[in-house]
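Student: Protein chains in written order, with our numbering: chain A, 1 to 360; chain B, 1001 to 1374. Below is the structure I would like to discuss, written out as structure tokens.
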């Protein structure tokens, strides 16, 4: 049952200890994420720096972007700035010597010039964090390495400066700046079609940014629950588990699962519970279905257990599954002979998740 | 000629009190004013927050209207006065608010609807937990049943939904400094609703929902591209239809919400039906009749078409109707184990429907229990 505390295994205790240690050992990273330039990430970040300074925090600015709009200039005039080397590289040594409580780094995705100690700014930031300095930084969704293909297909621009998503996910806090970008200089000659294209592009980037922020929050939430030894899932993300058998109508099940997982920005898992004495023909059919699952981008799991229903439900509870897909075919065959009507049993015991039964 | 046009609606979406929705909305009003747009404040809830109150300085606020109810006087938004004043843009705080009985309209979102119809653009604020279809998930996360909800279609019709984001930690700091609530109220709020994990979960919900609202508003060809990506390898695109079985069981509301949400996200149409031997509810005992009527009403409020089918036997009647109407998915409530007396019939019913409807998908929806506080 969700929320119920059960005894923790040694592995889980170990994970908790590790989570606590990693939380204690490093500096603190907060990221302002935007989906386009001009949405006001930097302003929001420097405004927070101002508030922190007013509250008496020891805060310095370690990086600013080349061109600054007047409102940001105004905020900066009241903040201590540690100048960058060559105007582009963070002066890590100077910052570590100065050792403020908090350091503000605008534009996390910049590359350093050739000959610098580290090739990219985010690597310098890791050094600051390791030195126990809190960092507040800003980044645009377009500069996240793993999203580059998606972003490039939307913007048709090639990006060379990127930050891995793992760095973003390692942040202790992330804040999304979801304001509409400043209206571009009035292009009176801009064609209607071009405008629609531009708005469409921005909408895609916004979607990507919101979902990334949600994923980071999800990650932090799991971390938080782990640190506090809490064994439940809060289940804000839809997680679909498709249970297949050699004779299931896997195509419809996997397609539906894919659609639902995509539309809800959720996760798709396809699982098979090992059955005794499976024929070579069934084995081949099963392999084909698992291949189909992998092609659909699902995580594939092979489960082992006495009772297939228990095995599935235990796994589903552990993974925080919200929707369980099974086929009608599971009503007959080995399962039914051994365990009675498994569909009925599943429905009876699927408390807390939805069960979707597919036609044969 | 501008009279003909419907006003634009923009929603500032948050996940808790104090994230800064009102502040951002007022900021936009100020900016519109500096650009020379005739923007006013139609309703504003100060909550004693200094920063927010300061934002209203120099802005025109339409005075509230006094509504007497049971010997007390309540203040509500004066929609008529706004309609007379007829600004270009009007800021209206707390979109999900329920008006005091005796007001012209029951809900603030209905007042907003009147402003939009009069061609006035509206800026408004709400928290994610007030979205009707998320009610059960919010119950699961926070253990709270939110009473003031907004039907999803109202939010879907908005021209723009923007997320007002702040991290839970920053929000908790604001609370500690007394910026959101008065100190004594802040303490109890922090212990309950504002537990960090609850806030994080609500925030995640708000981010995902806003992402969904963005996709929902994409120009048609972009949306088609998304559809293409989600399409199966066969490229088949069958139009999905969802049929929801309405009974007197209290879980039916949850079932309706869930079915509607899945329908909205996957582009499936939704119908809700009750099955009665006589084809109407007249012969039922009053409590049961009221319960079913209430559920059917609820479905209609969510823009779901409803019907009462005549038939002695529920399962074959339902499945027969589903087949005739090319339904692809039947949604049912999961029988509850906790009431061993009631569910025998329900459980049999689910089993018979599952057995009869072998040519379609059957979805058994389960109640979400709240996560127990530690």
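We treat Cβ as the ideally placed atom computed from N, Cα and C, and that holds for glycine.
(1) Count the C-beta pairs between the stretch 1126–1135 of chain B and the stretch 1061–1071 of chain B that are closer than 8 Å, then say yes if the count reaches three, no if not.
(2) Please return the same chain residues whose Cβ sits closer than 6 Å to the Cβ of residue 28 of chain A, not counting the five positions on each side in sequence.
(3) Over what stretch of residues does the alpha helix (DSSP H) that includes residue 1209 of chain B continue unbroken?
(4) Whose C-beta lies closer than 6 Å to the C-beta of residue 175 of chain A among residues of the same chain, with five residues either side of it excluded?
(5) Return the chain-ordered ranges of every alpha helix (DSSP H) run that is complete within the stretch 1130–1171 of chain B and spans a minimum of 4 residues.
(6) Would residue 1076 of chain B pass as an interface residue toward chain C - the criterion being a Cβ-Cβ separation below 9 Å?
(7) Below 8 Å on C-beta distance, what does residue 1208 of chain B contact in chain A?
(8) Fully enclosed by the stretch 1279–1335 of chain B, which beta strand (DSSP E) runs are 3 residues long or longer?
(9) With distance defined between alpha-carbon atoms, name the residue in B:1370, B:1041 and B:1150 nearest to residue 351 of chain A.
(10) Rank B:1357, B:1074, B:1146 and B:1170 by C-alpha distance to the C-alpha of residue 1100 of chain B and give the top, closest one.
(11) Note down the Cα distance separating residue 126 of chain A from residue 103 of chain A, rounded to an integer number of angstroms.
(12) Where DSSP assigns a beta bridge to residue 1066 of chain B, which residues make up the other side?
(13) With DSSP as the reference, label residue 1057 of chain B as helix, strand or coil.
(14) Only counting the same chain, and skipping five residues up and downstream in sequence, which positions put a Cβ closer than 6 Å to that of residue 260 of chain A?
(15) Below 8 Å on C-beta distance, what does residue 221 of chain A contact in chain B?
(16) Thinking residue 46 of chain A and residue 95 of chain A are a contact (beta carbons under 8 Å), I'd like their distance in whole angstroms, please.
(17) So, does the CB of residue 30 of chain A fall closer than 9 Å to a CB anywhere in chain B?
(18) I want to verify the contact list: residues of chain B whose CB lies under 7 Å from the CB of residue 358 of chain A, in sequence order.
(19) Going by DSSP, what residue range makes up the beta strand (DSSP E) through residue 63 of chain A?
(20) Are the C-beta of residue 1298 of chain B and some C-beta of chain A separated by less than 9 Å?
(21) Would you kindly work out how many angstroms separate the C-alpha atoms of residue 1307 of chain B and residue 1245 of chain B, rounded to a whole number?
(22) Taking the C-alpha atoms as reference points, what is the distance between residue 1312 of chain B and residue 1256 of chain B?
(23) To the nearest angstrom, how far is the alpha carbon of residue 1251 of chain B from that of residue 1272 of chain B?
(24) Tell me which same chain residues have a C-beta within less than 8 Å of the C-beta of residue 335 of chain A, skipping the five on either side of it?
(25) 9 Å is my cut-off, CB to CB: does residue 1335 of chain B come that close to chain A?
(26) So with Cβ pairs under 9 Å, would you call residue 332 of chain A a contact of chain B?
(27) Where does residue 1355 of chain B sit, in a helix, a strand or coil, going by DSSP?
(28) Under the DSSP definition of a beta bridge, which residues are partnered with residue 268 of chain A?
(29) Quick check on residue 262 of chain A: does DSSP put it in helix, strand or coil?
(30) Kindly say whether residue 1149 of chain B, judged by its beta-carbon, lies nearer than 9 Å to any beta-carbon of chain A.
(31) Short of 8 Å Cβ to Cβ, which residues in the stretch 1004–1015 of chain B face chain A?
(32) Would the stretch 1271–1287 of chain B count as touching the stretch 278–294 of chain A if we require 3 or more Cβ pairs under 8 Å?
(33) For the beta strand (DSSP E) containing residue 248 of chain A, name the first residue and the last one.
(34) So which residues of chain B does residue 207 of chain A contact, with C-beta pairs closer than 7 Å?
(35) Under a three-way DSSP split, which group does residue 1276 of chain B fall into?
(36) Do we get a CB-CB distance below 9 Å when we pair residue 1232 of chain B with the residues of chain A?
Tutor: On the basis of the data shown:
(1) Because the criterion of three Cβ pairs below 8 Å is not met, the stretch 1126–1135 of chain B and the stretch 1061–1071 of chain B do not touch.
(2) Indexing the first chain from 1 puts residue 28 of chain A at position 28. Excluding residues up to 5 positions away in sequence, 134 and 172 lie with their Cβ nearer than 6 Å to the Cβ of residue 28 of chain A in the same chain.
(3) Position 209 of the second chain, counted from the first residue, corresponds to residue 1209 of chain B. Run containing residue 1209 of chain B: 1196–1216, per the alpha helix (DSSP H) assignment.
(4) Counting from one through the first chain, the residue named residue 175 of chain A turns up at place 175. Counting only Cβ-Cβ distances below 6 Å, and skipping sequence neighbours, we find 32.
(5) At a cut-off of 4 residues, the continuous stretches assigned as alpha helix (DSSP H) that sit fully inside the stretch 1130–1171 of chain B are 1135–1142 and 1152–1156.
(6) The question asks about chain C, but that chain is absent: this structure's protein chains are A and B.
(7) Numbered from 1 along the second chain, position 208 holds the residue referred to as residue 1208 of chain B. The answer, in chain order, is 210, 211, 214, 236, 237, 264 and 265.
(8) Whole beta strand (DSSP E) segments, 3+ residues: 1305–1310 and 1329–1333.
(9) Here residue 351 of chain A is taken as the residue at index 351 of the first chain, counted from 1. Nearest C-alpha to residue 351 of chain A: B:1370.
(10) Here residue 1100 of chain B refers to the residue found at position 100 when the second chain is read from its first residue. Comparing Cα-Cα distances from residue 1100 of chain B to each of B:1357, B:1074, B:1146 and B:1170, the minimum goes to B:1074.
(11) Mapped onto the first chain, residue 126 of chain A falls at position 126. Mapped onto the first chain, residue 103 of chain A falls at position 103. Cα to Cα, residue 126 of chain A sits roughly 12 Å from residue 103 of chain A.
(12) Position 66 of the second chain, counted from the start, is the residue given in the question as residue 1066 of chain B. DSSP, once it has assigned bridges, lists B:1075 as partnering residue 1066 of chain B.
(13) Stepping through the second chain from its first residue, residue 1057 of chain B is reached at position 57. Reduced to three states, the DSSP call for residue 1057 of chain B is coil.
(14) Taking the first residue of the first chain as position 1, residue 260 of chain A is located at position 260. Closer than 6 Å at the Cβ level, and outside the excluded window around residue 260 of chain A, lie 240.
(15) Working through the first chain from its first residue, we reach residue 221 of chain A at position 221. Around residue 221 of chain A, the beta-carbon contacts reaching into chain B at under 8 Å are 1197, 1200, 1201 and 1204.
(16) As a working note, residue 46 of chain A is residue 46 in the first chain. As a working note, residue 95 of chain A is residue 95 in the first chain. With a Cβ gap of about 17 Å, residue 46 of chain A and residue 95 of chain A do not count as contacting.
(17) Taking the first chain and counting its residues from 1, the one referred to as residue 30 of chain A is at position 30. At least one chain B Cβ lies under 9 Å of residue 30 of chain A.
(18) Locating residue 358 of chain A in the first chain gives position 358, where the first residue counts as 1. Neighbours of residue 358 of chain A in chain B, taken as residues whose beta carbon is under 7 Å from its own, are 1361 in chain order.
(19) Within the first chain, numbered from 1, the residue matching residue 63 of chain A stands at position 63. Looking at the DSSP string, the run of the beta strand (DSSP E) that includes residue 63 of chain A is 59–63.
(20) Translated into positions along the second chain, residue 1298 of chain B becomes position 298. No, its Cβ sits nowhere closer than 9 Å to a Cβ of chain A.
(21) Here residue 1307 of chain B corresponds to residue number 307 of the second chain, with the count starting at 1. Here residue 1245 of chain B corresponds to residue number 245 of the second chain, with the count starting at 1. Rounded to whole angstroms, residue 1307 of chain B to residue 1245 of chain B spans 10 Å at the Cα level.
(22) To locate residue 1312 of chain B, count along the second chain from 1; it is residue 312. To locate residue 1256 of chain B, count along the second chain from 1; it is residue 256. So the alpha carbons of these two residues sit roughly 23 Å apart.
(23) As a position in the second chain, residue 1251 of chain B is number 251, starting the count at 1. As a position in the second chain, residue 1272 of chain B is number 272, starting the count at 1. Taking the straight line from one Cα to the other gives about 14 Å.
(24) The sequence position of residue 335 of chain A within the first chain is 335, counting from 1. Model confidence at residue 335 of chain A stands at a pLDDT of 48, short of 50, so the residue's coordinates are unreliable and nothing is read from them.
(25) Position 335 of the second chain holds residue 1335 of chain B. So yes, residue 1335 of chain B belongs to the interface.
(26) Translated into positions along the first chain, residue 332 of chain A becomes position 332. Its pLDDT being 49, under 50, residue 332 of chain A is placed unreliably by the model, and the measurement read from it follows with that caveat. Interface flag for residue 332 of chain A against chain B is unset, since no Cβ pair is found closer than 9 Å.
(27) Within the second chain, residue 1355 of chain B is the residue found at index 355, counting from 1. Reduced to three states, the DSSP call for residue 1355 of chain B is helix.
(28) Within the first chain, numbered from 1, the residue matching residue 268 of chain A stands at position 268. Beta-bridge pairing links residue 268 of chain A to A:240.
(29) Your numbering for residue 262 of chain A matches position 262 in the first chain. If DSSP states are grouped into helix, strand and coil, residue 262 of chain A belongs with the helices.
(30) In the second chain, residue 1149 of chain B corresponds to position 149, counting from 1. No, no contact with chain A.
(31) For the stretch 1004–1015 of chain B, which is checked against every Cβ of chain A, not one residue is closer than 8 Å.
(32) They do not touch, by the three-pair rule.
(33) Stepping through the first chain from its first residue, residue 248 of chain A is reached at position 248. DSSP places residue 248 of chain A in no beta strand (DSSP E); its state is neither H nor E.
(34) Position 207 of the first chain holds residue 207 of chain A. Within 7 Å Cβ-Cβ: 1211, 1214 and 1215.
(35) The residue given as residue 1276 of chain B occupies position 276 in the second chain. DSSP, read as helix, strand or coil, puts residue 1276 of chain B in strand.
(36) Position 232 of the second chain, counting from 1, holds the residue named residue 1232 of chain B. With a pLDDT of 38 at residue 1232 of chain B, under the threshold of 50, the modelled position of this residue cannot be trusted, and the question is left open.
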